[in-house]
Structures are given as C-alpha cells and as structure tokens.
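Same order as they appear, the protein sequences are chains A and B. FYI, in my numbering the residues of the first sequence are 1 to 228. FYI, in my numbering the residues of the second sequence are 1001 to 1228. Think of the CB as a built atom: it goes at the ideal place given N, C-alpha and C, for glycine as much as any other residue. Quantities reported herein were computed from a predicted structural model and do not represent experimental measurements. All remarks here apply to the structure that follows.
Number of protein chains: 2
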Amino acid sequence: MKQGAVVLLSGGMDSTVVAYHVRELVGSEPIEFISFNYGQRHKKELEYARVTARALKGEHVLVDLSGINSLVQGSALTSSDIPVPEGHYAAPTMKLTVVPNRNMIMLSIAAGLAVSRERGMVVCAVHAGDHAVYPDCRPEFIAQLNEAIRIGNEGFGEPELVAPFVYQTKADIARRGAELGVPWGDTWSCYKGGLIHCGKCGTCVERREAFQLAGITDPTEYEGSLVT
Amino acid sequence: MKQGAVVLLSGGMDSTVVAYHVRELVGSEPIEFISFNYGQRHKKELEYARVTARALKGEHVLVDLSGINSLVQGSALTSSDIPVPEGHYAAPTMKLTVVPNRNMIMLSIAAGLAVSRERGMVVCAVHAGDHAVYPDCRPEFIAQLNEAIRIGNEGFGEPELVAPFVYQTKADIARRGAELGVPWGDTWSCYKGGLIHCGKCGTCVERREAFQLAGITDPTEYEGSLVT
C-alpha cells in the first residue's frame, strides 16, 4: 500500500516550507527528501537540506547529477564564467539562471524513487512567482507532467505529482512557514553561495521581499542592501 | 534556428536503426547521440553506441546516471543479486527488468540537451513490442510527455519528442534497418553482457524472433539455442 511522500528539497526557503507542510500532512508516514547536486555554485544549500531532512526524520537522498553539467552551458547557476545576475528575480536577466528542463529531470528521478519506495506523492515547491521566468514552474506544466507520470507508471503504483503552492506567492509561503514554525536559519537562498546571503542576487532579493510582504521579521543576515 | 536532433542510443538494434533513420532524415544537420550509464550490467552496449555515433558522424554524449542506482532496487538490469530472467520478452517476468520511470528520466535529460543545443527533435526507439511490458513505452505516454516538454520549455526553443516506430513491431524495425544497411554487428542486445549474445534472455529471444519474422538472415552469434 502506498504511503508517505518524496519531497524535492533544495535547502531554500520554499522547499523547506513544503517539507514541513508535508510532514504535517502525512504524520508519521515515511518521507524521502531528495536533493540534487547538479554542479550548482551554491552547493551550500545541500547542507541546509540535510539539516531539514534530519529535523523532519526523513531519509535524505542526494542524487549526483553533475554529469549533466555539460548539458547546461549558458546557465549562470553552474558556470563560473558567467556572473550571477543581480536585481529582481522576475527580470528577464534571470533567464540566465535557467538550466534547460531542470524541473522535469529532477521530478522524473523523484517519481522513479517514489515508485520504487511505494510513496503516494511527489511534492515540489514551485510557486506563482516562478511562472514569469521558468515555463516549467507553471500549473499547466505540473498538470501535464503529473499525467505523464501516471501513464508512464501505470500498474506500478504511480505516484501523484503535487505542488501545494503553485498558485501562491513566495510571501504566502513565508506566511505558511511562520505558521509551521520553520526555523529560517535552516534555509539558504543565495545563488552566490558565500558565507552569508549576498542580498543582491535574484533569490536574495526575492527572499527579502517575501518576508517584507508577509509582514514577518526577516532573520537573515545579508551582505549588502536591497537592490530595487 | 533549430536544426538536427538528439537521438537516444543504447547500442541495441532498435535505437541503432533509429539512429540511421534519423541521419537519413536530417541529412547533414548535427545529431547528438545520447547514451546512459545507469549501472546496467550490460554496460557493453555503450561501446556499440559509441561505434554507431562515430559511423554516423554525430557527437556521442554519455551521461553517468549511476548515482540513481540506489533508486532502482529490485531491477535485474542493475542488481547483480537478481538473475536476468530467461524466456520471451513480453512475459510477466520481464517486469523484473523495469527501472522505475527510466524512460522519463532519460527523455528529460535528452530534452534538456536538445534545448541547450537548439535541436528540433528528441528521438527514441520505443516500439509496439514494448507496450505490454513497459507502460512508459506506449504511444499515450510519448504524446503526454511531448506535451510536457513543449509546455515546460516554451519560449526556449522547445524540441519535439518523436518515436518513429511507436506503432511498429521489432520485426518492422529489423526490416527498416536492412533497408538502411545497418551493420548488425555494431548492435548489442543481450542483457547478460557476456562475450557473445546468450540467446536466452528476453532481449536475445526478441532479437532472434525479429530477424526471423522479418525474413532477414540473423548474423548474430548466440551461445545457446532459442528457448521457446
């Protein structure tokens, strides 16, 4: 009988909130928290993922995808030759941070794990703020991929693909996180992966904004001041 | 402008015929032939893939997915503890050879490569003989995943997913291969990965049968005699 979930956990604030949300949802059922090393320069986030997986008493599955590095030329997320763009996350320059088809690749592997472990769900943290930049974060993509997973694993205990915040903003996620008591210090957003959050890259700007809009005190220590 | 194709090439007879088929189709446009090392025990097929990629003047991209090995417990394709089942490929025992969600994982990565290289197509060799055993080889899965790839990469030069033999049998593929002059000695089918084809495992039985049904002399050297 299927039970529990596989949760994509990057170590950022969105997927950490989803992790706490799913733990509440499934109670004591098993959860695998799956993280990907795809050669990102902010590899630091993986340590934060490990901390959350342990806090939530789930298995942490780290998948090494650095072999697909050669596929993602042109992404500032993986190439040290390209500077990480600064400014707001929803700006056109953020397309530079797109790793082609990244979500489908990660969700496919998570679905494979869910089939193998007989979990009922694969859960990911895409939200409305991502839609403008990443086509593979839109509700229609999640719906389509969910159907592909169902058809492709029919008869093998196909898991459901769930994106609980796909119609919500990052501020909504911050609010839900506060409700769940998520320890924000266990989350990492900055694409630059320095000692503390840079405060200037797309995800830092977005993180600060989310806390502000949610009316929650932002406990994060940032290097610079907010670029607007 | 998009041109050329990314072709999934395992080194088996089906994908090798597809490789020759696509080379004819796209003329001198660039092709990436993508192969996956997922910890299969018949790793030998990858050498055959390399030979075909070179013969067809395409780049051979080998992706190391052995990190997902831990996901596929229970598959005779990757575990040396489980014997490779013998007998006909379409038998229920062949489900043992299923790596969960394998096709979606490989096609997602191939699609990422196609987006990155601006190729028009991702081509794979699934055929009607696979439908009974593998749900992710059915036409409805290919159609659904094609749509997910389109939506997930909209605005980034989304490639089309093409499965030219999805409604045809392996015998049809053998016939098409003969037409194209595919050098059968450059293809490897046996799941056991020995010195010569075992002649008894599912893919060997299927290979022999395909040549017989197509009325083509089978040049393959087999260890045993056909198990029926």
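Discussion item. Could you check whether the segment 1128-1146 of chain B touches the segment 1054-1062 of chain B, counting it as contact only if at least three pairs of C-beta atoms, one from each stretch, sit closer than 8 angstroms?
Written reply: The segment 1128-1146 of chain B makes no contact with the segment 1054-1062 of chain B; the number of CB pairs closer than 8 angstroms stays below 3.
Worksheet entry | Own chain partners of Phe1156(B) with C-beta closer than 6 angstroms, once the 5 adjacent residues on each side are dropped | The sequence position of residue 1156(B) within the second sequence is 156, counting from 1. Val1115.
Fill in: Residue range of the unbroken beta strand (DSSP E) whose run includes His60(A)
Taking the first residue of the first sequence as 1, we reach residue 60(A) at position 60. Counting along the chain, the unbroken beta strand (DSSP E) around His60(A) starts and ends at Glu59 to Asp64.
Worksheet item: Counting pairs of Cβ atoms below 8 angstroms between the segment 119-130 of chain A and the segment 18-30 of chain A, do you hit three or more?
Response: With the cut-off at 8 angstroms, the segment 119-130 of chain A and the segment 18-30 of chain A touch.
Fill in: chain B contact for Gln3(A) (CB, 8 angstroms cutoff)
Residue 3(A) sits at position 3 when you count from the first residue of the first sequence. Not one chain B Cβ lies under 8 angstroms of Gln3(A).
Worksheet entry | Top-ranked residue by Cα proximity to Thr169(A), from Asn101(A), Pro30(A), Ala132(A) and Val162(A) | Locating residue 169(A) in the first sequence gives position 169, counting from the first residue. Looking at Asn101(A), Pro30(A), Ala132(A) and Val162(A), the one whose alpha-carbon comes closest to that of Thr169(A) is Ala132(A).
Worksheet item: Given a threshold of 16 other Cβ atoms within 10 Å of its Cβ, counted over all protein chains shown, does Ile173(A) qualify as buried or as exposed?
Response: Here residue 173(A) is taken as the residue at index 173 of the first sequence, counted from 1. Of the other Cβ atoms in all chains shown, 16 or more fall within 10 Å of the Cβ of Ile173(A); this residue is therefore buried.
Discussion item. Can you confirm whether Met1104(B), when its beta carbon is compared against all beta carbons of chain A, has any partner nearer than 8 angstroms?
Written reply: The residue given as residue 1104(B) occupies position 104 in the second sequence. Met1104(B) has a beta carbon lying within less than 8 angstroms of a beta carbon in chain A.
Discussion item. Does the distance between the C-beta of Ser1108(B) and the nearest non-hydrogen atom of the ligand ZN fall short of 7 angstroms?
Written reply: No copy of the ligand ZN appears in this structure; indeed no ligand is present at all.
Worksheet item: Taking the alpha helix (DSSP H) that Ser108(A) falls in, what are its first and last residues?
Response: Taking the first sequence and counting its residues from 1, one reaches residue 108(A) at position 108. It spans Arg102 to Arg117 - the alpha helix (DSSP H) in which Ser108(A) sits, taken as one unbroken run.
Worksheet item: If we count the other Cβ atoms within 10 Å of its Cβ and call it buried at 16 or more, is Ser10(A) buried or exposed?
Response: Taking the first residue of the first sequence as 1, we reach residue 10(A) at position 10. Result: buried.
Practice prompt. Flag this pair as yes or no: are the beta carbons of Ile105(A) and Gly1112(B) separated by less than 8 angstroms?
Written response: By 1-based counting over the first sequence, the position of residue 105(A) is 105. By 1-based counting over the second sequence, the position of residue 1112(B) is 112. A contact, by the Cβ cut-off of 8 angstroms.
Worksheet item: Buried or exposed: which applies to Met1(A), given that a residue is buried once 16 or more other Cβ atoms fall within 10 Å of its Cβ?
Response: Along the first sequence, one-based indexing puts residue 1(A) at 1. Exposed, since its Cβ has fewer than 16 Cβ neighbours within 10 Å.
Practice prompt. Closer than 6 angstroms by C-beta to Phe1165(B): which residues in its own chain qualify, once you throw out the five before and the five after it? Chain order, please.
Written response: Taking the first residue of the second sequence as position 1, residue 1165(B) is located at position 165. Answer for Phe1165(B): His1127 and Ile1173, listed in chain order.
Discussion item. I'd like to know if Glu221(A) contacts chain B, where contact means its C-beta is closer than 8 angstroms to some C-beta of that chain.
Written reply: In the first sequence, counting from the first residue as 1, residue 221(A) sits at position 221. No, no contact with chain B.
Practice prompt. Check each candidate in Gly177(A), Ser189(A), Asn103(A) and Glu45(A) and name the one with the smallest Cα separation from Gly241(A).
Written response: With chain A running from 1 to 228 in the structure shown, residue 241(A) is simply not present.
Worksheet entry | Exposed unless 16 or more other CB atoms sit within 10 angstroms - verdict on Leu1226(B) | Looking up residue 1226(B) in the second sequence gives position 226. Model confidence at Leu1226(B) stands at a pLDDT of 48, short of 50, so the residue's coordinates are unreliable; what they give is reported in the following sentence. Leu1226(B) is exposed by the Cβ-count criterion.
Item to complete: Measure from the C-beta of Ile1068(B) to each C-beta in chain A and report whether the shortest distance is under 8 angstroms.
Response: Counting from 1 along the second sequence, the entry for residue 1068(B) is found at position 68. Ile1068(B) counts as touching chain A.
Fill in: Residue from Ile1034(B), Ala1055(B), Glu1209(B) and Gly1152(B) whose Cα sits closest to the Cα of Val1007(B)
As a working note, residue 1007(B) is residue 7 in the second sequence. Ranking the options by Cα distance to Val1007(B), first place goes to Ile1034(B).
Item to complete: Could you tell me if Tyr1167(B) is buried or exposed, where buried requires 16 or more neighbouring beta carbons within 10 angstroms of its beta carbon?
Response: By 1-based counting over the second sequence, the position of residue 1167(B) is 167. Around the Cβ of Tyr1167(B), a 10 Å sphere holds fewer than 16 other Cβ atoms; the residue is exposed.
Discussion item. With a threshold of 6 angstroms on Cβ separation, who are the neighbours of Arg1175(B) within its own chain once the five nearest residues in sequence on each side are excluded?
Written reply: For this step, residue 1175(B) is matched to residue 175 along the second sequence. Taken in chain order, the residues that qualify are Ala1214.
Discussion item. Using C-beta distances below 8 angstroms, list every residue in its chain close to Gly185(A), excluding the 5 sequence neighbours before and after it, in chain order.
Written reply: Looking up residue 185(A) in the first sequence gives position 185. Beyond the five residues adjoining it in sequence on each side, Gly185(A) comes within less than 8 angstroms, by CB distance, of Pro219 in the same chain, given in chain order.
Worksheet item: Interface residues of chain A around Glu1140(B) at Cβ under 7 angstroms?
Response: Residue numbering aside, residue 1140(B) sits at position 140 when the second sequence is read from its first letter. Scanning chain A for C-beta atoms nearer than 7 angstroms to the C-beta of Glu1140(B) yields Ile151, reported in chain order.
Practice prompt. Note down, in chain order, each residue of its chain lying with its Cβ closer than 6 angstroms to the Cβ of His1197(B), except the 5 sequence neighbours on either side.
Written response: Along the second sequence, one-based indexing puts residue 1197(B) at 197. Contacts found: Cys1190, Cys1204, Thr1220 and Tyr1222.
Discussion item. Using a 10 Å radius around the Cβ and a threshold of 16 neighbouring Cβ atoms, would you call Thr187(A) buried or exposed?
Written reply: Along the first sequence, read from residue 1 onward, the residue named residue 187(A) stands at position 187. When all chains shown are included, Thr187(A) counts as buried.
Discussion item. Just to confirm, is the Cβ distance from Pro139(A) to Gly1152(B) under 8 angstroms?
Written reply: Counted from its first residue, the first sequence places residue 139(A) at position 139. Counted from its first residue, the second sequence places residue 1152(B) at position 152. With respect to the 8 angstroms criterion, Pro139(A) and Gly1152(B) are not classified as neighbours on the basis of their beta carbons.
Worksheet entry | Reference Leu25(A); option with closest CA among Gln40(A), Ala5(A) and Ala110(A) | Taking the first residue of the first sequence as 1, we reach residue 25(A) at position 25. If we check each option's Cα against that of Leu25(A), Ala5(A) comes out closest.
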